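Shown next, in structure tokens, is the structure this report addresses.
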Amino acid sequence: MKTITLNNGVEMPLQGFGVFQIAPQDCEAAVRSALDVGYRMIDTAQAYYNEAAVGRAWRTSGIAREDLFLVTKVWISNAGDERAAKSIDESLRKLETEYIDLLLIHQAFGDYYGTYRAMQKALEAGKVRAIGLSNFVDARFVDLVENMEVKPAVLQLETHVFSQQKRMRELMAPYGTRLMAWAPLAEGRNGIFTHPTLTAIGARYGKTAAQTALRFLMAEDVIAIPKSVHRERLVENFSIDDFELSAEDLDAIRALDGGKPMFADFNDPALAKFLLEYDAKFNPERQ
Ligand SMILES: NC(=O)c1ccc[n+]([C@@H]2O[C@H](COP(=O)([O-])OP(=O)(O)OC[C@H]3O[C@@H](n4cnc5c(N)ncnc54)[C@H](OP(=O)(O)O)[C@@H]3O)[C@@H](O)[C@H]2O)c1
Numbered sequence: 003m004k005t006i007t008l009n010n011g012v013e014m015p016l017q018g019f020g021v022f023q024i025a026p027q028d029c030e031a032a033v034r035s036a037l038d039v040g041y042r043m044i045d046t047a048q049a050y051y052n053e054a055a056v057g058r059a060w061r062t063s064g065i066a067r068e069d070l071f072l073v074t075k076v077w078i079s080n081a082g083d084e085r086a087a088k089s090i091d092e093s094l095r096k097l098e099t100e101y102i103d104l105l106l107i108h109q110a111f112g113d114y115y116g117t118y119r120a121m122q123k124a125l126e127a128g129k130v131r132a133i134g135l136s137n138f139v140d141a142r143f144v145d146l147v148e149n150m151e152v153k154p155a156v157l158q159l160e161t162h163v164f165s166q167q168k169r170m171r172e173l174m175a176p177y178g179t180r181l182m183a184w185a186p187l188a189e190g191r192n193g194i195f196t197h198p199t200l201t202a203i204g205a206r207y208g209k210t211a212a213q214t215a216l217r218f219l220m221a222e223d224v225i226a227i228p229k230s231v232h233r234e235r236l237v238e239n240f241s242i243d244d245f246e247l248s249a250e251d252l253d254a255i256r257a258l259d260g261g262k263p264m265f266a267d268f269n270d271p272a273l274a275k276f277l278l279e280y281d282a283k284f285n286p287e288r289q
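Count the sequence shown with the working numbering and you get residues 3 to 289, in order.
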């Protein structure tokens with residue numbers, strides 16, 4: 003799998019496996035399956051409530067820690083200097099690891115300045131190899147980045163062929179921050195798996211629409227973490243290293259960009275309220 007060098011010199015696989023919406027009881031098997039297929043980067047989060055399953059899966063896989071790239075994210079309920087620091091130690095414990103490769107702030111709500119300071123300290127302490135953000139857009143991104151010493155290595159945003167984040171990529175470029183795509187297959191929306199443009203382009207290379215959409219992100223140096231609980235789809239999504247899209251193909255796929263996200267408007271007060279209440283509602287340890 004191809005890798006990308008982050009702004010602090012850390013090398014990261016361009017493609018990994020995301021475990022959002024995989025129940026803790028199914029997650030260990032799903033991660034084992036992904037590792038078996040060849041994935042070496044796993045994207046989890048405190049608020050996916052499956053970090054421990056990820057930890058068990060890699061520990062029992064026999065894969066050396068240095069051959070893995072573990073990503074997790076600090077949730078809003080753990081925001082602030084002290085709570086974030088404590089939650090990082092808790093993530094390390096659940097993931098059964100001495101260091102996290104990439105740690106992100108999951109959402110731009112709560113005391114995220116305190117969280118970022120705690121992450122900078124964890125970086126200094128060697129508990130984390132790189133730090134970054136998720137779902138920080140526009141002014142919030144610029145404000146945090148301008149005020150913090152360590153520039154984020156990665157910004158994880160909803161990114162797929164229908165929402166290519168061109169404007170955010172321009173904002174990120176001066177800081178060397180890399181784009182990491184969540185929902186890289188648009189969670190199946192817009193008929194992505196049978197989309198005529200993607201299907202026609204893919205057919206020329208003997209590839210599916212999903213593979214074409216993922217290869218496009220790779221060609222644009224966008225890190226992607228497609229999720230599937232089906233082994234054959236894990237294999238399909240991972241088999242994108244052996245073809246290259248032509249300049250014409252890339253232009254045709256660039257033209258699919260709708261210019262705005264399809265899933266979440268982070269300026270929506272109702273979304274803010276939902277996310278602020280999320281942990282109290284969904285954390286199985288708090289039920
Ligand atoms: N930072 C954030 O706020 C945030 C938000 C959302 C997601 N994420 C991260 O991004 C990862 C991926 O995003 P996502 O899971 O929302 O969406 P996604 O990867 O775009 O799409 C996943 C969906 O597509 C299906 N699928 C996958 N490969 C397929 C294929 N080749 N053919 C047909 N169907 C296929 C999966 O079904 P099956 O599983 O049934 O195969 C699942 O329903 C998450 O797991 C998480 O790690 C982060």
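For glycine and all other residues, C-beta sits at the position ideal for the given N, C-alpha and C.
Here the structure is a predicted model, which means the values were calculated and not measured.
*For Asn192, which residues from the same chain have a beta carbon less than 8 Å from its beta carbon, with the 5 sequence-adjacent residues on both sides left out?*
Cβ neighbours of Asn192 beyond the five flanking positions: Phe164, Met264.
*Could you tell me the distance, in whole angstroms, from the CA atom of Glu13 to the CA atom of Thr7?*
Taken atom to atom, the span from the alpha-carbon of Glu13 to that of Thr7 is near 4 Å.
*DSSP three-state assignment for Gln27, whether helix, strand or coil*: Helix.
*Sorry if obvious, but does the Cβ on Glu160 come closer than 8 Å to a heavy atom of ligand 1?*
The beta carbon of Glu160 sits closer than 8 Å to at least one heavy atom of ligand 1.
*asked:* Less than 9 Å between the beta carbons of Val156 and Leu104, yes or no?
replied: In contact: Val156 and Leu104 (Cβ atoms closer than 9 Å).
*Go through its chain and collect everything with a Cβ distance to Ala185's Cβ below 7 Å, but skip five positions before and after it.*
Contacts found: Glu160, His162, Phe265.
*Could you give the distance in angstroms between the alpha-carbon of Glu30 and the alpha-carbon of Lys75?*
If I take the Cα positions, the gap works out to 18 Å.
*Would the region 94 to 114 and the region 133 to 142 be scored as touching if the rule is three or more Cβ pairs under 8 Å?*
As far as the Cβ criterion goes, the region 94 to 114 touches the region 133 to 142, which means the pair count is three or higher.
*So the beta strand (DSSP E) Phe245 belongs to, where does it begin and stop?*
Per DSSP, Phe245 belongs to no beta strand (DSSP E) and is neither H nor E.
*Please confirm whether any heavy atom of ligand 1 lies closer than 8 Å to the CB of Tyr50.*
In this structure, Tyr50 has its CB closer than 8 Å to one or more heavy atoms of ligand 1.
*Per DSSP, what kind of secondary structure is Leu159 in: helix, strand or coil?*
Note: Leu159 maps to strand in three-state DSSP.
_Exposed unless 16 or more other CB atoms sit within 10 angstroms - verdict on His232_ = With fewer than 16 other Cβ atoms within 10 Å, it is exposed.
*Excluding five sequence neighbours on each side, which residues of the same chain lie with their C-beta closer than 6 Å to the C-beta of Asp45?*
Once the five neighbours on either side are set aside, the close Cβ partners of Asp45 are Gly18, Gly20, Val73, Ile227.
_For Lys96, the nearest candidate out of Asp251, Arg288, Gly57 (CA to CA)_ = Closest option to Lys96, Cα to Cα, is Gly57.
_Residues of its chain near Gln167, where Cβ-Cβ distance is below 7 Å and the 5 sequence neighbours each way are ignored_ = Within the same chain, Gln167 has close Cβ partners Leu159, Thr161, Leu181.
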